[in-house]
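Report on the following structure.
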Amino acid sequence: MPVFHTKTIESILEPVAQQISHLVIMHEEGEVDGKGIPDLSAPVAAVQAAVSNLVRVSNFTFFVKMCLGYSD
9 MPVFHTKTIE
19 SILEPVAQQI
29 SHLVIMHEEG
39 EVDGKGIPDL
49 SAPVAAVQAA
59 VSNLVRVSNF
69 TFFVKMCLGY
79 SD
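The sequence shown begins at 9 in our numbering and counts up by one.
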């Protein structure tokens, strides 16, 4: 896989991984302290946006490859 694709994939997946890690930590902290889990609307929205971007880029990449006749 060319370096370009690897860097592009990394730049897309890194925010998703960070947000998911943040959600897991928030969940674990809520369980340990015995407090209710905080409102996760904002972090969940961030994960949703990152995943939507991942899907958009994946679809675009697939479309371009199909148009140009590339295969893996």
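Note that the Cβ used here is the ideal one computed from N, Cα and C, for glycine as well.
Predicted model only: the values in this text are computed from it and were never measured.
Contact set for residue i: own chain, Cβ-Cβ below 7 Å, skip 5 residues either direction
i, result
"Val59", "Val24"
"Leu48", "Leu31 and Met34"
"Thr69", "none"
8 Å contact criterion, which residue i and residue j should meet: CB distance rounded
i, j, result
"Val55", "Ile28", "6 Å"
Coil, strand or helix - residue i by DSSP
i, result
"Ile28", "helix"
"Ile45", "coil"
"Gly77", "coil"
Closest Cα partner of residue i within the set the options
i, options, result
"Val32", "Ser66, Pro46 and Thr69", "Pro46"
"Pro21", "Asn67, Val63, Thr69 and Phe70", "First, the amino acid is wrong: residue 21 is Leu here, not Pro. Closest option to Leu21, Cα to Cα, is Val63."
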